[in-house]
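For the sequence shown, the residue numbers in the numbering used here are 97 to 616. Here the structure is laid out as structure tokens; the discussion comes afterwards.
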Amino acid sequence: MSDGPRQRSSTSGSAKDAAGEESGGGVALKKEIGLVSACGIIVGNIIGSGIFVSPKGVLENASSVGVALFVWIITGVITAIGALCYAELGVTIPKSGGDYSYVKDIFGGLAGFLRLWIAVLVIYPTNQAVIALTFSNYVLQPLFPTCFPPENGLRLLAAVCLLLLTWVNCSSVRWATRVQDIFTAGKLLALALIIIMGLVQVCKGEYYWLEPANAFEPFQDYDVGLIALSFLQGSFAYGGWNFLNYVTEELVDPYVNLPRAIFISIPLVTFVYVFANIAYVTAMSPQELLASNAVAVTFGEKLLGVMSWIMPISVALSTFGGVNGSLFTSSRLFFAGAREGHLPSLLAMIHVKRCTPIPALLFTCLSTLLMLCTSDMYTLINYVGFINYLFYGVTVAGQIVLRIKQPDMHRPIKISLIWPVIYLLFWAFLLIFSLYSEPVVCGIGLAIMLTGVPVYFLGVYWQNKPQCFDRFVDKMTYLGQKLCVVVYPAESKSNDADEGQEMTEAKAPLSKEDGDSLKA
């Protein structure tokens, strides 16, 4: 771990001061994410493989088609309200790192660190590993029509996918956003095909399960607990709506494009989710839909005939873009954490020419590759899914706290407090239900998160570490800089001056000029 918070760390302070003085402000994250790419990040991260493979989590708990469609609509509206709250926070605290940065600034270092800890330890490595495995499964399945692809083959192809996309992200922000734009467009075209085929079915009179008398006919008894679980499943399906806030500093005109991208993307995803599910039930009964392991593939086989191969290809393309989007945004979260002194300082550095956070990207890739080697990743996702959702509410609650503590703070966007209150009421309902229905799973998730408390006090809060430890950290940082050709991004002179007051003698990491000389 880092040897202290940014504002209190002697090593971090001297390093950044040296880098700031010598680089002349020449190295910084580039603002290369426009409105289209911003929408691509949100839509691409929300729409993964779920809507193609298994949108049945909502249906099987809603107990009828009609209730399931209402759940998709309501959870989309609640997601839009949450995104509205994040839009205000994103332009009020315009820093990369998303909810980690907001929680840290509002509730303090420990709360922010716990958000970062659970993300670093489990959430992003497991999610990226699962998406990469889904990609490799759909690529290899045609080669093994009569059996499942070999497990080692799936993991190897998933690793190749991760390494390729890490190289793209390390090479250029523009390349990464272009990949995201292209694959997001591809998955939207595939979903548009599904929706159009559904409309064709409706025009043919195939809408039995959409008629009110049939839509609300339960295939199992209605149960309040199951319906609450369907809302929880729906909320998870919209996961990723907050990812654009992780890259705020790389947005072109963030005060305009951040809220615009949110206002465009969330309604678009809600529309796609609702109408894709409508399309599915025009070709399949609820029982057929629940029995299918890959709903879009079954849909394609029923309606597309010889062109049914389009669906598995679409799933593969969707997951490939999902891996890229997750790598791009999670690396910025780790970058922001390192910059605040909550992760090793090397992760807060960027390449002297490409201006990409290469150490953070390599760290993200390595942690995901390690997760590919374990068979317990799906269990871990169940444990920490509750914690991830917990911090959504904590962040939105922080918006209200910030209004009370700093009412005169400049807010380019200022929404009515009724919106965070509505979101928090819905959030509290789902959170309490989760604790009631799965207390052991939620308890284990909380225990995993709380393992970060001693790590925080040992790695971050404890300032007077042995000099031999500080020297070792400096040497490892220096070596990492030489290997990756990275330096600290330029900061304002005022920040450098404040940190320079706390300098102690330490070996300063490489400046930009030193980094340039490495290429000789």
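Ideal Cβ positions, reconstructed from N, Cα and C, are used throughout, including at glycine.
- With the rule of 3 Cβ pairs closer than 8 Å, the segment 340–357 counts as touching the segment 423–441.
- Beyond the five residues adjoining it in sequence on each side, P516 comes within less than 6 Å, by CB distance, of C181, V492, Q495, I496 in the same chain, given in chain order.
- Spatial neighbours of Y519 in its own chain (CB-CB distance under 7 Å, excluding positions within 5 residues in sequence) are listed in chain order as I174, I177, G178, C181, V492.
- Buried is the label assigned to Q329, since at least 16 other Cβ atoms lie within 10 Å of its Cβ.
- Beyond the five residues adjoining it in sequence on each side, L498 comes within less than 6 Å, by CB distance, of I202 in the same chain, given in chain order.
- DSSP places L462 within a helical segment (H, G or I) once states are collapsed to three.
- Residue nearest to C135 within the set F244, R274, N157, V235 is R274 (criterion: CA-CA distance).
- Secondary structure at L347: strand, using DSSP grouped into helix, strand and coil.
- Setting aside the 5 residues that flank it on each side, A392 is surrounded in the same chain by F148, M407, each with a C-beta closer than 6 Å to its C-beta; the list follows chain order.
- Exclusion of the five residues before and after C299 leaves no residue of its chain whose Cβ lies closer than 6 Å to its Cβ.
- The segment 545–559 makes contact with the segment 203–217, as at least three CB pairs between them are under 8 Å.
- Annotation for V402: no alpha helix (DSSP H) segment contains it, and DSSP assigns it neither H nor E.
- Residue environment: R435 is assigned as buried (16 or more neighbouring CB atoms within 10 Å of its CB, all protein chains considered).
- Straight-line spacing of the CA atoms in R251 and K501 works out to 49 Å.
- Between A412 and F431, the gap from beta carbon to beta carbon reaches 8 Å or more.
- Uninterrupted alpha helix (DSSP H) stretches at least 4 residues long and entirely within the segment 231–319 occur at 247–267, 269–299, 308–311, given in chain order.
- Contact check for V235 against L253 passes: the beta carbons are separated by less than 8 Å.
- For A124, no alpha helix (DSSP H) encloses it, and the DSSP letter there is neither H nor E.
- Burial state of N560 is exposed, judged by a 10 Å Cβ sphere holding fewer than 16 other Cβ atoms.
- Burial check for S512: the Cβ neighbour count within 10 Å stays below 16, so the residue is exposed.
- Under the three-state reduction of DSSP, I323 is assigned to helix.
- Rounded to whole angstroms, the Cβ separation of T366 and I169 is 7 Å, and the two are in contact under 8 Å.
- Using a Cβ distance threshold of 8 Å, Q383 and F315 count as a contacting pair.
- At a Cβ-Cβ threshold of 8 Å, N353 and L131 count as neighbours.
- The way I'd put it, the segment 317–327 does touch the segment 152–168; three or more beta-carbon pairs between them come closer than 8 Å.
- According to the DSSP assignment, G208 belongs to the alpha helix (DSSP H) that extends over 205–214.
- Relative to Y196, the option among L429, C580, I509, L579 whose CA is nearest is L429.
- Look at V154 here: in three-state DSSP terms it is helix.
- In this model, L399 and M293 are separated by some 8 Å (Cα to Cα).
- If only complete runs of 4 or more residues are kept, the segment 140–202 shows the alpha helix (DSSP H) at 146–149, 152–158, 161–188, in order along the chain.
- Unbroken beta strand (DSSP E) stretches of 3 residues or longer found wholly inside the segment 544–596: none.
- In the DSSP annotation of this structure, the continuous segment of the alpha helix (DSSP H) that includes L526 starts and ends at 514–533.
- The three-state reading of DSSP puts I454 in helix, counting H, G and I together.
- Around the beta carbon of K510, fewer than 16 other beta carbons lie within 10 angstroms, which makes this residue exposed.
- Under the three-state reduction of DSSP, I509 is assigned to coil, being neither helix nor strand.
- With respect to the 8 Å criterion, E346 and E184 are not classified as neighbours on the basis of their beta carbons.
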